[in-house]
Ligand code: ACM
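Residue numbers (this note's numbering): 296 to 835.
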């Protein structure tokens, strides 16, 4: 009897606390306490904002107007309503992005150490609002939330090198990242099959490089073609507009300009950039293409520095992604010019040359106050079965302040890299590639990803600054097909990036997701019929 008396309340408490997490908020906040009472937002409710939060106040005002047709006034002082306050002390406790959200009968208050934190409080509030179908009032049940993210880097990557999607689609994706508190839009703007960014000094990059005459369809070995040209690029003015849109939503844009491989579209525009000298037009097939920049030619460095200079001028981010993945070394191996360059510079192999090149670019970016990021091939490890081991003998080492974007190879390489002092963004392909089918990455597998590999010593954990999920575009010309790959997995990755390990729970996530699925459907976002592991198991 005695035991039951103790155990039952504990079980009840446990049950209540886990029910308590079913708030509808994704990503799951750090601490949630359900409270009595509820706050009703009517047309008479005011938003009461301190000076620093006026932009946040008008963002909230806009949201309530667009989503619920409620026109609230913004006041600087006094009274009850939705209160937005900066409290610098909270930055120590909850970090730069954390916030406190409290709802009771008399008020809603959101406070944080920074305006970014207050913004995220507003985003959580947005997911808590329920609408009374009879009188149109908006009600929010009593709650107290203290929240902050597990990682500072919570990225979504869009590959537009393969298929251009355009401003409206990008903004639609940025809106969904906002709702999920994702803060890095990694914009893959150049690849073999397309150059999508206006560079004023080199107009042919877009005059030539943004159009291909045809596209391979049907998969890697397919001989089928679309028989239609594909074209598109962003002017710098359009990019500025997208940057401003992202900035209003606390999203940093990291542009990716691929080098020295995945560069055929640039080489088609300016053939002297290439090593082989055979590219005459933007390639129409996908896959790993043979040519790379001729990194022994000083004109190529001058070109890349001029391009990066415009990129640095355009994008406010102080990190630039330079790709660096999947360089096929045959072109460099059969070029006499490159072989001489390797000898003259005391290098040992094509991989050594790759590091030499990457460090020069890194140096240029550093001198201009920027930090380089690249896929993990830039470390010089052999992560591809098609590379000859002798091509991978390296003496050079990658500049230590490089941000390494891990996607390929044994997860032990992450441990090795952080032990050597590199910061890592973990986008391990088997868990985070959105172009992979739901059969290979069902929602639950996406959710289970831990950017910190098992067994990594705790002292290195903060070297993993976060993770990304990547929407590669080779086979996905249509936006609706792309959306089916992105949603709902984006929500799982948001929780991977934000939610503390102690709070991650797939069943709670899955139940919170229902509300989001309804929201997405009502917004016309295309969703797949099946996305859960159970569906695929049933099919067997
Ligand atoms: C990559 O998937 N090639 C980074």
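Just so it is clear, CB atoms sit at the ideal spot from N, CA and C, and this is done for glycine as well.
Neighbour flag for residue i against chain C, beta carbons, 8 Å
i: residue 452; result: The structure shown has no chain C; it contains just one protein chain.
Inter-residue CB distance, residue i and residue j (contact presumed, cutoff 8 Å)
i: residue 671; j: residue 651; result: At roughly 17 Å, the Cβ-Cβ gap does not stay under 8 Å, so residue 671 and residue 651 are not in contact.
i: residue 656; j: residue 668; result: Rounded, the Cβ-Cβ distance is 11 Å, inconsistent with contact.
i: residue 604; j: residue 586; result: Residue 604 to residue 586, Cβ: 24 Å. No contact.
i: residue 499; j: residue 439; result: In fact, because the Cβ distance is near 58 Å, the residues do not count as touching under 8 Å.
i: residue 784; j: residue 729; result: 6 Å
i: residue 557; j: residue 487; result: 5 Å
i: residue 379; j: residue 351; result: 6 Å
Cβ-based neighbour list, residue i, same chain, cut-off 6 Å, excluding 5 preceding and 5 following
i: residue 309; result: Any reading at residue 309 needs caution, since the residue's pLDDT is 44, under 50, leaving its predicted position unreliable; the model's value is listed next. So the list is empty, once near-sequence residues are dropped.
i: residue 320; result: 419, 422
i: residue 772; result: 458
i: residue 467; result: none
i: residue 582; result: 515
i: residue 778; result: 820, 821
i: residue 336; result: 433
i: residue 636; result: 591
i: residue 794; result: 322, 323
i: residue 687; result: 646, 677
i: residue 716; result: 695
Beta-bridge pairing of residue i - partner residues as DSSP gives them
i: residue 666; result: 614
i: residue 380; result: 406
i: residue 433; result: 336, 426
i: residue 701; result: 721
i: residue 520; result: 511
i: residue 449; result: 762
i: residue 838; result: The shown model of the chain, from 296 to 835, leaves out residue 838, and the question about it has no answer.
i: residue 506; result: 526
i: residue 489; result: 486
i: residue 569; result: 588
Short Cβ contact (8 Å threshold) for residue i with residue j
i: residue 681; j: residue 648; result: no
i: residue 406; j: residue 365; result: no
i: residue 355; j: residue 417; result: yes
i: residue 384; j: residue 412; result: no
i: residue 510; j: residue 579; result: yes
i: residue 774; j: residue 464; result: yes
i: residue 530; j: residue 493; result: yes
i: residue 696; j: residue 640; result: no
i: residue 768; j: residue 532; result: no
i: residue 622; j: residue 566; result: no
i: residue 619; j: residue 643; result: no
i: residue 504; j: residue 490; result: yes
i: residue 792; j: residue 444; result: yes
Close beta carbons around residue i, own chain, < 7 Å, minus the five adjacent residues each side
i: residue 748; result: 706, 709, 710
i: residue 612; result: 547, 548, 549
i: residue 833; result: Residue placement at residue 833 is poorly supported in this model, since its pLDDT is 45, which falls under 50; the coordinates still yield a value, given next. Excluding residues within five positions, none has a Cβ falling inside 7 Å.
i: residue 353; result: 369
i: residue 540; result: 466, 469
Beta-carbon contacts of residue i that lie in its chain and below 8 Å, excluding the five residues immediately before and after
i: residue 524; result: 506, 507, 508, 509
i: residue 798; result: 316, 323, 324, 325
i: residue 766; result: 451, 452, 453, 454, 729, 730, 777, 780, 781
i: residue 625; result: 585
Any non-hydrogen atom of ligand 3 closer than 7 Å to residue i Cβ
i: residue 526; result: As far as ligands go, the structure on display features ligand 1 and does not contain ligand 3.
### Message
Pairs of beta-carbons, one from the segment 758-765 and one from the segment 439-452, closer than 8 Å: are there three or more?
### Response
yes
### Query
So does the segment 590-606 actually touch the segment 624-643, counting three or more Cβ pairs closer than 8 Å?
yes
### Query
Any chance the segment 725-739 sits against the segment 422-431, with 3 or more Cβ pairs inside 8 Å?
no
### Query
Is the segment 480-496 in contact with the segment 433-445, if contact means three or more CB pairs nearer than 8 Å?
no
#### Entry: Inter-stretch contact at 8 Å, needing at least 3 Cβ pairs: the segment 368-377 / the segment 340-352
yes
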